[in-house]
Amino acid sequence: MFRKKAIVLAFMMSLFVVGVLPAAQAAPAQAAVKSGAPIPTDVDSIKQAGYSHADMSSVPLFGSREEDRPVLKRLAAILKRIAAKAELYTREEPVDGMESFFGNDVDITFSDGTSTSLTLTHPDTLTFYYADASYRAKDAAAVEELNNMFHNPDQTTISSTTPRIGDKIVLKGNDAGFESGTLTVFLVQGGSYQSFTSVKGVAFPAKRALLIHRAPITHARYNTAFQLPAFGEASDGTLQPVKPGEWSLVYSTGWLQSGREVKIAAPAAPQLSINGVLVSDSAMKPITHQGRIMLPLRSLSVSFGWPVQWDHVNKRVLIGTSAAVAEAEGNKGSGKSISLWVKGKRIKSDTAPIIVKGSVYVPLRTVAEAFGFGIAWTPETRSAHLLFKPALLSVEAYAKDQQQQLIVKAVNDYAAALNARDEKRLAALFSSTAKPAPGLQSIGNRLIVSIRDIKFEARNEGKNMLAYVTFAYLFDENGNTESTQGIVFGLENGNWRILDVD
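For the sequence shown, the positions run -31 to -1, 1 to 471 when mature numbering (1 follows the signal peptide of the UniProt record, and there is no 0) is used.
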């Protein structure tokens, strides 16, 4: 881990009031002894390395990043050279606090878990601490090369500071500091900033902020593209509208937080969001008709897995309904206006469905009422929002097998936690020794529409259970509409917890 010198600055400044910082060790001064240092010197032993000066840090280098290997080979060669000439060292004079804070350090973490910091104290001298001993080496060439080996992070770039809702935003930077992690992007309006932990366990830059995007960090770098949404997640877990106006776009790496001022404009056309995700598929885009928002029914049906038929003779849209059932209800269709049938019942609406370019469009509110969706409308941005809950497994169907019933309930909770992007709820479903998977930053906008199937397989003489679960998806970035995953469960303190997800 890199040292965050800014954290200790206040402490050191307090020490300047009474003088200088005392030596870290109270051992009596002793003559330097030639010994050599047992520090690792092979390039494969270096996990991470970086350069720091005061509260500024370089872009770190990683052993797992192929592009960094040439520089790490040079670093390994320097380590080998200074290790051979290093002397055991005990500082006799007091440490100057300002000199320590503003000094130049090369921080190295090794693959065996150990670490060291090469302090470039003078143009020809460096010191370091390793394996409970302090060392000093004179090597002017090494000091010069180390001072020029690393690079400062680039200024994070944002593709637009005047976007419309629905526009693509590209955010790119290399200042994350860690090998892996999560980039969180927020919108904040007015006021001061004070860190706040949301109900889902996410660190918000302010209580009033709206979370609009997550992305993975790899080798301290992020390069993410996303549509500016019409709704963002508030710290209380609710979805709130993004309205036109002045905002601060704040991005956090978990180590560093920064932001840019942006001016957001209303979208050029009506927008549809589902569970906070802006619909980008043109086949699902809404239209306006007589002042009403109309949604393309077939595209919605396919996305949610609804069985849909078009009775062109009687102009009936049949969802989960056979023509025979509709006729038995005494309606063969007038042939003049389109009727909508859902699960054997005719859905009434004050605005009839219409056909546009061969597609049937149904009023937004009619769709919401027919399928039990929540609905919101933001007039400033002409944005409609549908909120659905995934179709889960029936817990009662497994009442004869308590073990399976408990696992079905856990699988249902797992799907709901993923859809809600609830880190705290997701972590509670996993074993204390397991890392929740998948990472929320890696699934993009993917939503689980339903759990279509589950099969069980006992493992480890019944101590573990493998559940093969088939999920149906919406908004998967790879275009997948379903997948089957293996979820391994084990008992922990009498409860079934997730051990692994394939």
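Cβ coordinates follow ideal geometry from the N, Cα and C atoms, glycine included.
**Request:** Taking A427 as part of the alpha helix (DSSP H), name the residues at either end of that continuous run.
**Result:** Where A427 is concerned, there is no enclosing alpha helix (DSSP H), although the beta strand (DSSP E) it sits in stretches over L416 to R428.
**Message:** Using CA atoms only, rank isn't needed, just tell me which of Y99, D74 and K141 is closest to E113.
**Reply:** D74
**Request:** Report buried or exposed for V171, applying the criterion of at least 16 other Cβ atoms within 10 angstroms of its Cβ.
**Result:** buried
**Asked** Is the CB-CB distance between residue 534 and W310 below 9 angstroms?
**Response** Within the shown structure, residues of the chain are numbered from -31 to 471, placing residue 534 beyond reach of any answer.
**Asked** Roughly how many whole angstroms lie between the Cα atoms of N464 and I77?
**Response** 41 angstroms
**Prompt:** Are there 16 or more other CB atoms within 10 angstroms of the CB of H354, so buried, or fewer, so exposed?
**Reply:** buried
**Request:** Name, in chain order, the residues that DSSP records as bridge partners for V154.
**Result:** H182 and Y220
**CA-to-CA distance, M25 to P236, given in whole angstroms** = 40 angstroms
**Coil, strand or helix - I288 by DSSP** = strand
**Message:** Tell me whether the stretch 143 to 158 and the stretch 110 to 130 touch, counting them as touching only if at least three CB pairs, one residue from each stretch, are closer than 8 angstroms.
**Reply:** yes
**Request:** Using the Cα positions of K432 and G459, report the straight-line distance between them to the nearest angstrom.
**Result:** 6 angstroms
**Request:** Assign P7 to one of two classes, buried (16 or more other C-beta atoms within 10 Å of its C-beta) or exposed (fewer than that).
**Result:** exposed
**Item:** Buried/exposed call for D391, threshold 16 Cβ in 10 Å
**Value:** buried
**Prompt:** Just how far apart, CA to CA, sit T450 and R421?
**Reply:** 12 angstroms
**Asked** Helix, strand or coil for V325 per DSSP?
**Response** strand
**Item:** For I243, the residue or residues it bridges with in DSSP
**Value:** V246 and L355
**Item:** Backbone CA spacing between D469 and A406 [nearest angstrom]
**Value:** 8 angstroms
**Request:** Could you please give me the residues that DSSP links to K404 through a beta bridge?
**Result:** Note: K404 sits in no beta bridge, so no partner.
**Request:** Can you tell me which of the three DSSP states P9 falls into?
**Result:** coil
**Asked** Which residue's Cα is closest to the Cα of S251: I233, Q209, T290 and S328?
**Response** S328
**Message:** By alpha-carbon positions, which one of N447, R428, F444 and P198 ends up nearest to Y437?
**Reply:** R428
**Item:** In DSSP terms, what G72 is bridged to
**Value:** According to DSSP, G72 bridges with nothing at all.
**Item:** Nonlocal neighbours in the same chain, by C-beta distance under 8 angstroms from A199, ignoring five residues either side
**Value:** I134, G135, P210, V211, P236, Q240, S242, L247, T347, T350, S352 and H354
**Asked** Skipping 5 residues on each side, what residues in its chain have a beta carbon closer than 7 angstroms to that of D205?
**Response** V168
**Message:** If I follow the unbroken beta strand (DSSP E) through F200, where does it start and stop?
**Reply:** F200 to E202
**Message:** Starting from F97, trace the beta strand (DSSP E) in both directions and tell me its first and last residue.
**Reply:** T94 to Y99
**Prompt:** Once you ignore the five residues that flank S221 on each side, which residues in its own chain have a CB closer than 6 angstroms to its CB?
**Reply:** T153
**Message:** I'd like to check one pair, G19 with residue 475: are the Cβ atoms closer than 9 angstroms?
**Reply:** Any property of residue 475 remains undetermined from this structure, which presents the chain solely from -31 to 471.
**Message:** I'd like the list of long-range same chain contacts for Q278, defined as Cβ closer than 6 angstroms, with 5 residues on each side in sequence excluded.
**Reply:** L287
**For Q371, the three-state DSSP class (helix, strand or coil)** = helix
**Prompt:** If you draw a straight line from the alpha carbon of R105 to that of A385, how long is it in whole angstroms?
**Reply:** 57 angstroms
**Asked** Name the DSSP beta bridge partners of L398, please?
**Response** Answer by DSSP bridge pairing: none, since L398 is not bridged.
**Asked** What is the rounded straight-line gap between the Cα of L225 and the Cα of A403?
**Response** 27 angstroms
**Beta bridge counterpart(s) of G142 as assigned by DSSP** = Y191
**Asked** In three-state terms, what does DSSP make of K16?
**Response** strand
**Request:** Grab the span of the beta strand (DSSP E) containing E114 for me, first residue to last.
**Result:** Unbroken run through E114 is the alpha helix (DSSP H), A109 to N116; no beta strand (DSSP E).
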